[in-house]
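Have a look at this one:
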């Protein structure tokens, strides 16, 4: 079996396209590993916080059965505050799902880009590039992501696209939660 040409040992078969595909693939693997590790940690945290929320509710119900006293009120106040923090944490964990979905889309986008770049028939075909861009745009789940892609496709720099994204985010009311 012939050894594949590499940037460390190039031969006549060496190609910057092959090197690009390798680097894109390595990046996809890194993202996938990070997502897997992050998911395991977040699942553990979410499960723990859900158990704490259940236990906190049980404690509150048990304390409410006690006779009236300053201690009872203090315990109930601490329990309510604790429950509030637990609920806020659970909601924060739910936003990890949005991050996970975006990273999944990113790896899919990189995979499709690698396939396009790797195929000489597709690489120089503007219709293929347009189709890739349309696929990526169609997979974008938030308006913000779509605006970022459109800004980049219209020739904006990364900094300009991110500035537009930040501006759009700031203009959105804090109470509005974008579904993803």
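Numbering (the numbering used here), first residue to last: 52 to 231.
Beta carbons: idealized from backbone N, C-alpha and C, even for Gly.
Computed from a prediction, not measured in an experiment: that's the story for all the values here.
Straight-line gap, residue i to residue j (C-alpha atoms, nearest Å)
i           : j           : result
residue 4   : residue 157 : Only positions 52 to 231 of the chain appear in the structure, and residue 4 is not among them; the question remains open.
residue 224 : residue 154 : Any answer about residue 224 is weak, because its pLDDT of 47 lies below 50 and its placement is not dependable; what the coordinates show is given next. Roughly 25 Å between the two C-alpha positions.
residue 70  : residue 160 : 18 Å
residue 169 : residue 131 : 58 Å
residue 199 : residue 151 : 18 Å
residue 112 : residue 193 : 40 Å
residue 74  : residue 84  : 15 Å
residue 244 : residue 79  : Coverage of the chain is limited to positions 52 through 231, which leaves residue 244 absent and any answer about it impossible.
residue 102 : residue 82  : 30 Å
residue 191 : residue 205 : 17 Å
residue 72  : residue 184 : 18 Å
residue 139 : residue 171 : 51 Å
residue 120 : residue 128 : 12 Å
residue 116 : residue 109 : 11 Å
residue 135 : residue 98  : 17 Å
residue 226 : residue 104 : Residue placement at residue 226 is flagged as unreliable, the pLDDT there being 46, under the threshold of 50; a coordinate-derived value is accordingly withheld.
residue 66  : residue 182 : 25 Å
Sequence-distant residues of its chain with Cβ nearer than 8 Å to residue i (five each side left out)
i           : result
residue 195 : 216, 219, 220, 229
residue 180 : 167
residue 207 : 215
residue 213 : 199
residue 114 : 123, 126, 127, 130
Closer than 8 Å to chain D by CB, residue i
i           : result
residue 185 : In the structure shown, chain D cannot be found, because there is only a single protein chain.
Residues near residue i in its chain [Cβ-Cβ closer than 6 Å; skip 5 each side]
i           : result
residue 68  : 168
residue 173 : 167, 179
Assumed close pair residue i, residue j - CB separation to whole angstroms, cut-off 8 Å
i           : j           : result
residue 100 : residue 142 : Contact doesn't hold; Cβ gap of about 10 Å is too wide.
residue 202 : residue 211 : 7 Å
Close beta carbons around residue i, own chain, < 7 Å, minus the five adjacent residues each side
i           : result
residue 133 : 107
residue 188 : 197, 200
residue 93  : 144, 147
residue 76  : 165
residue 176 : none
residue 222 : none
residue 186 : 163
(Q) Is it the case that the region 164-184 contacts the region 89-97, given that we only count it when at least three CB pairs across the two stretches are under 8 Å? (A) no
**Q.** Validate contact between the region 124-131 and the region 142-154 using beta carbons, cut 8 Å, 3 pairs
**A.** no
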